[in-house]
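**Q** Can you read through this structure? Questions will come right after.
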Amino acid sequence: MSTCAIVGITWGDEGKGRMVDLLSENYDIVCRYQGGNNAGHTVVNDYGELKLNLLPSGICRENVINVLGNGTVIDLEHLFNEVNRLRGMGIRIDSSNFRISNRAIVCMPYHREQDVYEEERLAGKKYGSTRRGIAPVYGDKYMKKAVQMCELLDEDYLRSHIADILEFKNLFISRVYNGKQYTVDEIMDWIKQYGYPFRDCICDTGELLLGASKEGKNIMFEAQLGALRDIDFGIYPYTSSSTPLSAYAPIGSGAPSLKLDRVVGVAKAYSTAVGEGPFICEWLDERADALRKAGNEFGAATGRPRRVGPIDLVATKYGVRLQGATEIGLTKLDVLSYMKEIDVCVGYEIDGKLCTSFPATPQLKNARPVFTTFPGWQCDISKITKYEDLPIEARKYIEYIEQYIECPIKYVSVGAARNEIIYR
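Residue numbers (the numbering used here): 194 to 617.
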């Protein structure tokens with residue numbers, strides 16, 4: 194039995210989905226342990242290109258059980274549509290290979306509305322939310338005004354609980370945002386239409402995972418977003434509302450007593466981010482347009498153009514530390530092949546002083562990147578399968594990153610497809 198977490202090292206969008214899709218061949222269970230349908234995990238395999246928001250990225254593996262743990266938040270309508278879209282592509286999804294924690298929280302229609310209202314209220318000071326209700330639903334979870342998936346199995350209890358919650362929620366939405374109020378029947382009808390089809394999938398995921406571990410089965414944990422979007426250690430308040438750190442994986446899966454054997458941190462060969470907040474290496478000129486076009490850098494969950502720039506090793510090293518990464522998967526190295534020279538951020542200048550440790554958010558407003566430059570390789574590397582066959586310039590680039598972040602780079606992605614990967 195072995196356990197492994199696949200996690201993001203920086204702002205998210207690093208390519209975790211492709212790593213889960215690749216490595217899940219050796220695992221019996223893949224479990225998403227936090228976040229909701231604000232995730233955008235893209236995988237390319239025999240089914241084509243799939244953009245996954247809620248479903249774990251092991252869903253294409255025939256013999257893998259895919260789990261949404263108690264740390265996730267479930268937009269039932271989105272899940273219903275995502276499952277049907279994949280079923281239409283020939284992917285089997287039923288209670289034999291897809292399970293949902295009975296303690297996971299339901300993301301309601303009013304959470305989505307509240308998310309939009311708040312971003313519009315913030316206007317020029319918005320946080321860059323995906324507007325999918327994630328912050329409001331996690332807020333309600335910790336205010337103890339949320340619905341758990343297990344309640345879908347007891348209609349009388351569910352109706353009574355929703356009535357109690359709406360007394361508070363309608364008052365808040367109407368008085369604060371002048372928004373529309375919901376009736377119990379509206380919410381119940383929504384749950385019945387989109388949630389009841391998944392009642393057979395609801396279970397105690399802790400019992401499932403611990404039972405699997407006793408049987409010697411291998412378990413993979415899949416994170417959403419990256420370390421710099423962590424609610425505690427990220428660029429607060431421009432973060433997600435959950436913790437995508439590997440340490441939370443057993444807790445958010447339902448089996449807190451499980452221990453991690455490996456943590457594969459996923460980092461991109463350059464920097465990208467979706468949403469607001471400090472992004473020290475950001476390019477804002479024609480270089481950004483060229484890099485965004487070369488890497489097709491548009492959010493898988495939102496379609497928004499990603500902010501782009503050179504790799505930020507200060508942020509990357511910090512993410513490696515937060516995640517406790519034992520190894521790194523470096524993605525999209527092939528995208529840099531058009532560059533004659535490649536910048537690398539090796540420090541920040543803050544108030545005239547060189548800083549090589551990632552600071553708290555207020556200090557980042559005065560930070561300026563300090564770069565070193567590497568020669569590019571300017572040739573197609575997408576068909577290369579052996580590390581020694583990479584151009585010397587590409588190998589030097591990889592090895593400098595590895596030395597700086599003090600973590601071995603075990604996988605190098607040279608293309609989007611499952612087999613376009615170099616093992617070191």
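By construction, the Cβ of each residue, glycine as well, lies at the ideal position given by its N, Cα and C atoms.
I need the straight-line Cα distance from Gly332 to Tyr593, nearest angstrom please.
**A** When rounded, the distance between both Cα atoms is 41 Å.
**Q** What separation, rounded to the nearest whole angstrom, lies between the Cα atoms of Asp287 and Tyr389?
**A** Answer to the nearest angstrom: the Cα atoms are 13 Å apart.
**Q** Does the distance from the CB of Ala416 to the CB of Val236 come in under 8 Å?
**A** Not in contact: Ala416 and Val236 (Cβ atoms no closer than 8 Å).
**Q** Go through its chain and collect everything with a Cβ distance to Gly409's Cβ below 7 Å, but skip five positions before and after it.
**A** Closer than 7 Å at the Cβ level, and outside the excluded window around Gly409, lie Met194.
**Q** Which stretch, first to last residue, makes up the beta strand (DSSP E) that contains Gly522?
**A** 520-524 is the extent of the beta strand (DSSP E) around Gly522.
**Q** Is the beta carbon of Arg514 closer than 8 Å to that of Val467?
**A** No, Cβ-Cβ distance for Val467 and Arg514 is not below 8 Å.
**Q** Helix or strand or just coil, what does DSSP make of Asn238?
**A** Strand, per DSSP.
**Q** What's the call for Thr323, buried or exposed, on a 16-neighbour Cβ count within 10 Å?
**A** By the 10 Å Cβ count, Thr323 comes out buried.
**Q** Using 10 angstroms around the beta-carbon of Lys373, count the other beta-carbons present and answer buried if the total reaches 16, otherwise exposed.
**A** It counts as exposed.
**Q** If Pro437 sits next to Arg422, beta carbons under 8 Å apart, how far is it from one beta carbon to the other, in whole angstroms?
**A** Yes, Pro437 and Arg422 are in contact; Cβ-Cβ is about 6 Å, under 8 Å.
**Q** For Leu245, does the three-state DSSP call read helix, strand or coil?
**A** Strand, per DSSP.
**Q** Identify whether Lys589 lies in helix, strand or coil by the three-state DSSP scheme.
**A** Residue state, collapsed to three classes: helix.
**Q** Buried or exposed: Cys572, going by 16 or more other Cβ atoms within 10 Å of its Cβ?
**A** With fewer than 16 other Cβ atoms within 10 Å, it is exposed.
**Q** Tell me whether Lys603 sits in a helix, a strand or coil according to DSSP, three-state version.
**A** Of the three classes helix, strand and coil, the one that applies to Lys603 here is strand, per DSSP.
**Q** Looking only at its chain, what residues have a beta carbon closer than 7 Å to the beta carbon of Pro363, apart from the 5 residues adjacent to it on each side?
**A** In the sequence under discussion, the amino acid at residue 363 is Asn, which differs from the Pro named in the question. Result list for Asn363: Gln374, Tyr375, in chain order.
**Q** Considering only residues of the segment 422-468, which uninterrupted alpha helix (DSSP H) runs meet the minimum length of 4 residues and lie entirely inside it, listed in chain order?
**A** With a minimum length of 4 residues, the continuous alpha helix (DSSP H) runs that stay inside the segment 422-468 are 442-446.
**Q** Note down the Cα distance separating Asp214 from Ile222, rounded to an integer number of angstroms.
**A** In a straight line, the C-alpha of Asp214 is about 12 Å away from that of Ile222.
**Q** Let me know the secondary structure DSSP gives Ala328 once reduced to three states.
**A** If DSSP states are grouped into helix, strand and coil, Ala328 belongs with the helices.
**Q** Closer than 8 Å is the cut-off here; do at least three beta carbon pairs connect the segment 541-556 with the segment 572-581?
**A** The segment 541-556 vs the segment 572-581: no contact.
**Q** I'd like the span of the alpha helix (DSSP H) that includes Ser353, first residue to last.
**A** Ser353 -> alpha helix (DSSP H) spans 348-370.
**Q** If we ignore side chains and look at the alpha-carbon of each, how far apart do Leu484 and Ser439 end up?
**A** Going from the Cα of Leu484 to the Cα of Ser439 covers about 30 Å.
**Q** At 3 residues or longer, what runs of the beta strand (DSSP E) sit wholly inside the segment 542-596?
**A** Entirely contained in the segment 542-596, the beta strand (DSSP E) runs reaching 3 residues are, in chain order, 546-548, 560-568.
**Q** Looking at the structure shown, is Met413 part of a helix, part of a strand, or coil, going by DSSP?
**A** Strand at Met413.
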